[in-house]
Amino acid sequence: MAKNLVIVESPAKAKTIEGFLGKEFTVKSSFGHVRDLSKNDLGVDVTNDFKPNYIISQDKKKIVAELKKLASTAEVVWLASDEDREGEAISWHLIQALDLKESKTRRIVFHEITKDAILNAIKNPRPLDVNLVDAQQARRVLDRLVGFELSPVLWRKVKPSLSAGRVQSVAVRLISEREKEIEKFNSISSFKVVGDFIVNRDSKDYVLHAELNKRFEKKDEAEVFLKKCVNASYSISSVETKPSKKSPSPPFTTSTLQQEASRKLGFSVSKTMIVAQQLYESGKITYMRTDSYNLSDMALSTAKNEIISSFGKEYQQTRQYTTKTKGAQEAHEAIRPTYISNHSIDGDVSQKRLYEMIWKRTIASQMSDALLEKTNVNIAVSSASEEFVARGEVIKFEGFLKVYIESTDDENDENGKGTLPEVFKDEILDMQEISAIERFTLHLPRYTEATLVKKLEELGIGRPSTYAPTISTIQKRGYVVLETREGKERSYTTITLKNNKISSKNNTEIYGYEKSKLFPTDIGNLVNLFLMEHFSDILDYNFTANVEKEFDEIAEGNKIWNNMIKEFYAPFKIKVTDIQKNSEKVSGEKLLGIEPESGKNVYVKLGRFGPMVQLGEADENNKPRFAGLLKNQSMETITLAEALDLFKLPRKVGIYKDEEITAAIGRFGPYVKYGNAFYSLFKTDDPHTVTLERAIEVIEEKLDKDSKKLIKEFDKNPEVKILNGRWGAYIAIGKENYKIPKDKKPEELTLEDCILISKQPKKPAKRGFRKGNN
DNA sequence: CAGTGAGCGAGCTTCCGCTTGACTT
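Residue numbering for the first sequence follows the working numbering, beginning at 1 and increasing consecutively.
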């Protein structure tokens, strides 16, 4: 039995560390937190100084029992959870849950996984920092109170099963308010003027592409300018060359890794984390949930050697970056390759690509600046005061650009790259062509998953371990959707001067194409409005930053955590109670207009099952009619005509064999109903116009398919059937379905085979969620 | 994933941060 038990948070870390320590040490992992507030109630006794009710988490009971057993026989238990607020709390919870005696317990910390760092930590144990633990308790209790008090308000006032929280509600706010700004935005057009000029060198022509230093608001003004250019002469008024430089970006943190993987590899935030976790578990990269730019001394020196041997001494520059992120806890290193000498790795395509990106970014961060030379050439027009400007950029020394070019979120950034031909002041140029092109101002961009993470990090909201889950939560709740929306067409004008002739042309272009962007839903907008009206203090972008300051005071021992919570909770609870009692239910109800036939009002509002339209009001004699909005409709944009269309369904299509056929749109798309059964229509069928012939065709097709559904049944047990489904044959027993192994022929299966297959363990259900619209 | 088609009624839902699983004699 080992004399020493070391407990860390992550099993991969445990494995590595065990290799550093001798036989006297057993290293185990707690798998993160082992206890949490009870889930069935508030979990906090608000009448008793906010005493938390901690429970060993269901999925941690086994590991706690195992650790307890090991701890009882060990001479010393070393608590080596991370050196941050949560890590300190994990150690404290372990002391409580494992019932550790102070005399044989040591708290140690390190923030890089190297042998030296671990051995040094063992030599320098420190007492548990109870103030830091209290700061974590304050954080935990505050989040619980906010979440479990606000969510029930939403259940009653908006819709059941909704949620609110310190982090998720701000994320929704960002998306909802950005969309409002975009709706309000008016695009203005102006005319950008570009000219191509010819430079002749050694009897070869070079084109100098330049842009006028002024834009014209109106088409006439642009025309006036072009007229002036007819027969004008063009000369170079100045040539300015100045050196500049570019420095590499720091190595990756969770947030920057997610952003760059999104831009360069097209990975979603969750995909990045899944692949990074695989790399981490196979020992290829350091820990992937970090907010630190720090690299260990060992990493710095191996990077240095690597760069010098691969590229040469002049490419190397040791750099240590400092974090400026709000609320960073810096318990880990930056994300880097474990072995920097490995330029690439074995693995699947995603793993290889992500690893390569991490390797390049890490290496580049330790390389020298790129030296550039920027040139501005001004071209004067003899008949006008405006000047054309040509910009060029030449790389004099690549530096870090040799391995890594960071991409940007800016979608139109093409200006001033490349070399210019050598030109001289007062040189006269031939003009080849000048065009005035109508350009439009752009609204602020919608958030992608990755730019939302970037914004949240800037605001200090959320942690590396929660960025991906937060994005998933606000989609699960139906507050936002991740969508690609097609652009629209618009026309723009180009006026061209060529060969002394001015011509004008209308062209068309596609604009507003949005790829994988986050859009708010009606529910998201409504919940945001509601929370902003009543709880704007919690939705404030600075709320987290402000409470973080108080957590810091608690951590420094200058504040008592229960007092901080009390100051927050007293007014908050009064507000919650008041709203629950006195506030009206919100539905976002809006009068769209009047139905011409009946003269009844048509409303759009949020109902129990989502957005819907309503015809007429409820009174003693009449019930209003309701109809749900279609998937591509929203409360914000639906028109009266579209709403009236919704009431036309279900529509009588006709009679077939003495039974009526009706057509409507349901949760799963358009369908026809015949007798008591439903038949899905195709995407190309419109229930408003579908003919009786087509409806019968769809019905007969389905009936035909159903008749072929049954492959085999058994007299001995009518419960068991072999059926043909959408994904091939399967076994149905009662209400349960089972997959047939690939090597078996469905027709040949016996009853015994079926029973045997049904006893096989089932694959675990996917953790994914349905993108419900209800 | 194995088949669905609602209408504001008896039940339940929810937070943020740590960390990975995938039951068994």
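Just so you know, even glycine gets a beta-carbon here, dropped at the ideal spot from N, CA and C.
Here the structure is a predicted model, which means the values were calculated and not measured.
Quick check on the burial criterion: 16 or more other C-beta atoms within 10 angstroms. Buried or exposed for residue i?
i: Q58; result: exposed
i: Q96; result: exposed
i: V230; result: exposed
i: L94; result: buried
i: V348; result: Reading the sequence as shown, one finds Asp at residue 348 and not Val. With fewer than 16 Cβ atoms within 10 Å of its Cβ, D348 is classed as exposed.
i: A677; result: exposed
i: A65; result: exposed
i: L444; result: exposed
i: T83; result: The sequence shown places Glu at residue 83, not Thr. So E83 counts as buried.
i: I188; result: exposed
i: E306; result: buried
i: A71; result: buried
i: K721; result: buried
i: E748; result: exposed
i: R770; result: Its pLDDT being 33, under 50, R770 is placed unreliably by the model, and the measurement read from it follows with that caveat. With fewer than 16 Cβ atoms within 10 Å of its Cβ, R770 is classed as exposed.
If you draw a straight line from the alpha carbon of residue i to that of residue j, how long is it in whole angstroms?
i: L295; j: D129; result: 26 Å
i: V377; j: S238; result: 6 Å
i: Y404; j: S504; result: 43 Å
i: S491; j: A732; result: 58 Å
i: L606; j: A299; result: 56 Å
i: M532; j: L539; result: 7 Å
i: I510; j: G478; result: 29 Å
i: T362; j: F20; result: 25 Å
i: Y293; j: L67; result: 33 Å
i: V34; j: K62; result: 10 Å
i: L646; j: R608; result: 18 Å
i: K184; j: R140; result: 39 Å
i: N632; j: L615; result: 21 Å
i: K402; j: P251; result: 16 Å
i: P337; j: D409; result: 25 Å
i: F530; j: P469; result: 24 Å
i: T691; j: E719; result: 39 Å
Would you mind working out which of the options sits nearest residue i, comparing C-alpha positions?
i: G666; options: Y656, V653, K657 and L649; result: L649
i: S38; options: Y287, T451 and I56; result: I56
i: G512; options: S504, M532 and E489; result: E489
i: W78; options: I340, I757, S91 and K69; result: S91
i: I236; options: R156, S382, V170 and G147; result: S382
i: M635; options: I285, M612 and M532; result: M612
i: T508; options: T466, I437, Q278 and E24; result: I437
i: A328; options: E373, T290 and S244; result: T290
i: E9; options: A627, I113 and N53; result: I113
i: N622; options: S598, I574, L644 and N499; result: S598
i: P52; options: N499, V133, N124 and K123; result: V133
i: G195; options: Y730, E486 and A210; result: A210
Would you check if the distance between the CB atom of residue i and the CB atom of residue j is smaller than 7 Å?
i: I638; j: V604; result: yes
i: Y541; j: I175; result: no
i: S29; j: P11; result: yes
i: Q316; j: I308; result: yes
i: L265; j: R353; result: yes
i: T493; j: N506; result: yes
i: P248; j: S365; result: yes
i: R126; j: R107; result: yes
i: E398; j: A380; result: no
i: A729; j: I711; result: yes
i: V275; j: Q351; result: yes
Who are the near neighbours of residue i in its chain, counting only those whose CB is closer than 6 Å to its CB and skipping five residues on each side?
i: V480; result: I175, I474, L518, P520 and G524
i: S262; result: A450
i: L212; result: V193, E386 and F388
i: P243; result: E373
i: I755; result: none
i: T375; result: T241, G392 and L420
i: A695; result: V653, I661 and V672
i: T441; result: S187 and I188
Take residue i and list the residues in its own chain whose beta-carbon comes closer than 8 Å to its own, dropping the five residues that flank it on each side.
i: E550; result: A138, K559 and M564
i: R201; result: P421 and E422
i: L644; result: E595 and V602
i: V44; result: L37, F50, K51, P52, N53, V141, R144 and L145
Quick one: what's got a C-beta closer than 7 Å to residue i's C-beta in the same chain, skipping five residues either side?
i: T302; result: I340 and S341
i: E659; result: Y674 and G675
i: E356; result: S344
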